[in-house]
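Q: Just dropping this structure here.
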Amino acid sequence: MIKLFQFLKQKIAIKRARKKSWMMSENTDLYLPSVKAMDFNAEEEVMLPIADAQSTKFIDINKDLKPFGFAYFRPQNMFYSLMDCWQRECGYCRLYDEGCAAFSMIIDCEPIYFDYAGKKWLIEFWKGQYGMTTGCEIGIYNTEIPFIDIPGLFNGTFYETASDEERMPLAFTLIKKDKVLFYRRDLHWWLTGFRLGEFSEPEELTMHAQITLKDTEMRDAFIGGLTRAGYKNSEIAYRGTTVGFVYDKPRNKQPFTRTPILEFMMQTNNKRNCFAYNEATKLIGDPLDKFVYVKNEAPKMYNKILNIRCSQEIFKNSDMLNKYNMESKAAAMDLTKQK
Numbered sequence: 004m005i006k007l008f009q010f011l012k013q014k015i016a017i018k019r020a021r022k023k024s025w026m027m028s029e030n031t032d033l034y035l036p037s038v039k040a041m042d043f044n045a046e047e048e049v050m051l052p053i054a055d056a057q058s059t060k061f062i063d064i065n066k067d068l069k070p071f072g073f074a075y076f077r078p079q080n081m082f083y084s085l086m087d088c089w090q091r092e093c094g095y096c097r098l099y100d101e102g103c104a105a106f107s108m109i110i111d112c113e114p115i116y117f118d119y120a121g122k123k124w125l126i127e128f129w130k131g132q133y134g135m136t137t138g139c140e141i142g143i144y145n146t147e148i149p150f151i152d153i154p155g156l157f158n159g160t161f162y163e164t165a166s167d168e169e170r171m172p173l174a175f176t177l178i179k180k181d182k183v184l185f186y187r188r189d190l191h192w193w194l195t196g197f198r199l200g201e202f203s204e205p206e207e208l209t210m211h212a213q214i215t216l217k218d219t220e221m222r223d224a225f226i227g228g229l230t231r232a233g234y235k236n237s238e239i240a241y242r243g244t245t246v247g248f249v250y251d252k253p254r255n256k257q258p259f260t261r262t263p264i265l266e267f268m269m270q271t272n273n274k275r276n277c278f279a280y281n282e283a284t285k286l287i288g289d290p291l292d293k294f295v296y297v298k299n300e301a302p303k304m305y306n307k308i309l310n311i312r313c314s315q316e317i318f319k320n321s322d323m324l325n326k327y328n329m330e331s332k333a334a335a336m337d338l339t340k341q342k
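Numbering-wise, the sequence shown is residues 4 to 342 according to the working numbering.
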């Protein structure tokens with residue numbers, strides 16, 4: 004109990020010490036969050052020019068990661084989600100966020116809801132500790148069905164993943180205590196980044212996010228979603244159809260499953276695992292060599308590393324949710340035809 008109280012006291016101190024967000028405005032001369040320009044359009048087809056030992060290790064780690072829906076980007080030493088990963092078939096709903104804490108993902112969730120072009124949209128932002136990695140995400144989803152009801156499992160809105168035509172230019176920079184961990188920019192539906200062995204409390208992280216919407220109507224609808232979530236106009240920036248804001252403290256109510264006791268238990272375990280990885284590989288310089296070492300010497304830890312975001316556990320009910328969603332959509336279409 005003493006450790007738990009110390010943990011809660013530390014979290015309160017961090018919140019009080021957190022610097023205020025950089026102020027932004029919707030005026031013409033504005034500041035957009037600092038996201039370094041980088042072309043990631045071809046990152047899934049990265050080829051090393053020389054077939055040396057290191058390139059073989061690079062290919063091997065990405066081969067191991069692919070079934071989990073992720074890949075490794077060496078220049079920034081981070082994992083990221085593939086464009087056509089299997090998670091794209093899973094859609095999204097609040098149920099997934101509620102399941103995160105139980106699988107060692109202590110993350111801040113910031114869902115932004117709005118209506119556009121006859122659909123309900125969800126653009127969600129996440130940041131925090133994902134097991135043995137520190138990371139952040141932006142996801143785009145929408146639906147034409149107001150809600151679905153699955154007795155004993157879920158009652159609410161289930162969103163489908165954005166199609167290729169609905170993808171948007173996304174960008175973020177993840178900062179921890181004034182230090183940039185990594186940054187990304189891409190045309191995507193699920194832009195992510197994860198740094199292995201980095202342990203963080205969610206409140207230590209600041210995410211500078213940008214999204215370029217389809218047109219001014221969608222931009223205004225998205226800004227409306229931000230303000231309804233609790234962001235002030237002075238905290239939102241836009242230029243053209245690009246909107247930016249600083250995501251430090253979530254404005255939305257967090258999943259009720261993320262209780263102080265569960266958070267303490269999971270973060271204690273996450274910190275221990277990060278320490279174990281860093282201690283075991285501290286004499287190894289190249290991250291690729293670290294992966295090879297862990298794969299050979301600690302296969303259980305290696306499998307834990309590969310299972311980024313515990314996707315297989317979180318999305319285990321996705322088939323049922325998709326089935327009910329398709330049935331609801333078909334019923335709505337039949338009703339429309341009858342009218």
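No residue lacks a Cβ here, since even glycine has one placed at the ideal position from N, Cα and C.
Helix, strand or coil, according to DSSP, for residue 131 in the structure here?
A: Residue 131: strand per DSSP, three-state reduction.
Q: Grab the span of the alpha helix (DSSP H) containing residue 277 for me, first residue to last.
A: Taken as a continuous stretch (DSSP letters only), the alpha helix (DSSP H) holding residue 277 covers 263-283.
Q: Identify which residue in 113, 108 and 70 has its Cα closest to the Cα of residue 271.
A: When each option's Cα is compared against that of residue 271, the closest is 108.
Q: Answer with yes or no whether the minimum CB distance from residue 297 to chain D is below 7 Å.
A: Among the chains of the structure shown, chain D does not appear; only one protein chain is present.
Q: Output the distance between the C-alpha atoms of residue 120 and residue 267, rounded to the nearest integer angstrom.
A: Computed Cα separation, rounded: 43 Å.
Q: What do you reckon, are the CB atoms on residue 222 and residue 192 nearer than 7 Å?
A: Taking 7 Å as the Cβ cut-off, residue 222 and residue 192 do not qualify as a contacting pair.
Q: Just to confirm my understanding: we take residue 310, look at its own chain, exclude 5 residues before and 5 after, and list those with CB closer than 7 Å. What are they?
A: Excluding residues within five positions, the ones whose Cβ falls inside 7 Å are 71.
Q: Which term fits residue 261, buried or exposed, when burial requires 16 or more other beta carbons within 10 angstroms of its beta carbon?
A: Flag for residue 261 reads buried.
Q: Using only CA atoms, which one of 249, 232 and 233 lies nearest to residue 240?
A: With distances taken between Cα atoms, residue 240 lies closest to 249.
Q: Does the separation of the CB atoms of residue 194 and residue 185 fall below 7 Å?
A: Going by C-beta atoms, residue 194 is not nearer than 7 Å to residue 185.
Q: Would you grab the beta carbon distance between residue 60 and residue 216 for me? Rounded to a whole angstrom, and I think it's under 8 Å.
A: Actually they are not in contact, since the Cβ atoms of residue 60 and residue 216 sit about 40 Å apart, beyond 8 Å.
Q: Suppose the cutoff is 7 Å on Cβ atoms and the five residues either side in sequence are ignored; what does the same chain contact list for residue 24 look like?
A: Residue placement at residue 24 is flagged as unreliable, the pLDDT there being 36, under the threshold of 50; a coordinate-derived value is accordingly withheld.
Q: Taking C-alpha atoms, which residue in 131, 206 and 245 lies nearest to residue 197?
A: The candidate whose alpha carbon is nearest that of residue 197 is 131.
Q: Comparing C-alpha positions only, which one of 305, 298, 149 and 83 sits nearest to residue 189?
A: When each option's Cα is compared against that of residue 189, the closest is 83.
Q: In terms of alpha-carbon separation, which member of 316, 276, 129 and 100 lies closest to residue 301?
A: The candidate whose alpha carbon is nearest that of residue 301 is 276.
Q: Starting from the Cα of residue 358, find the closest Cα among 285, 273, 258 and 282 and give me that residue.
A: Residue 358 lies beyond the residue range present for the chain, which begins at 4 and ends at 342; the question has no answer from this structure.
Q: Fully enclosed by the region 77-120, which alpha helix (DSSP H) runs are 4 residues long or longer?
A: Runs of the alpha helix (DSSP H) inside the region 77-120: 97-101.
Q: Using a 10 Å radius around the Cβ and a threshold of 16 neighbouring Cβ atoms, would you call residue 182 buried or exposed?
A: Result: exposed.
Q: For the beta strand (DSSP E) that residue 189 lies in, which residues bound it at each end?
A: Segment 182-191, the beta strand (DSSP E) holding residue 189.
Q: Label residue 140 either buried or exposed according to how many other C-beta atoms from any shown protein chain fall within 10 Å of its C-beta, with 16 as the threshold for buried.
A: Buried, since its Cβ has 16 or more Cβ neighbours within 10 Å.
Q: Identify, in the order they occur along the chain, each residue of the same chain with its Cβ nearer than 6 Å to the Cβ of residue 42, setting aside the five sequence neighbours on each side.
A: Confidence is the limiting factor: at residue 42 the pLDDT is only 41, short of 50, which leaves the residue's position unreliable, though a coordinate-based value still follows. None.
Q: Using only CA atoms, which one of 148, 166, 203 and 110 lies nearest to residue 86?
A: It is 166.
Q: May I ask you to report which of helix, strand or coil DSSP gives residue 311?
A: Reduced to three states, the DSSP call for residue 311 is helix.
Q: Can you give me the C-alpha to C-alpha distance between residue 226 and residue 285, rounded to a whole angstrom?
A: The alpha-carbon atoms of residue 226 and residue 285 are separated by roughly 45 Å.
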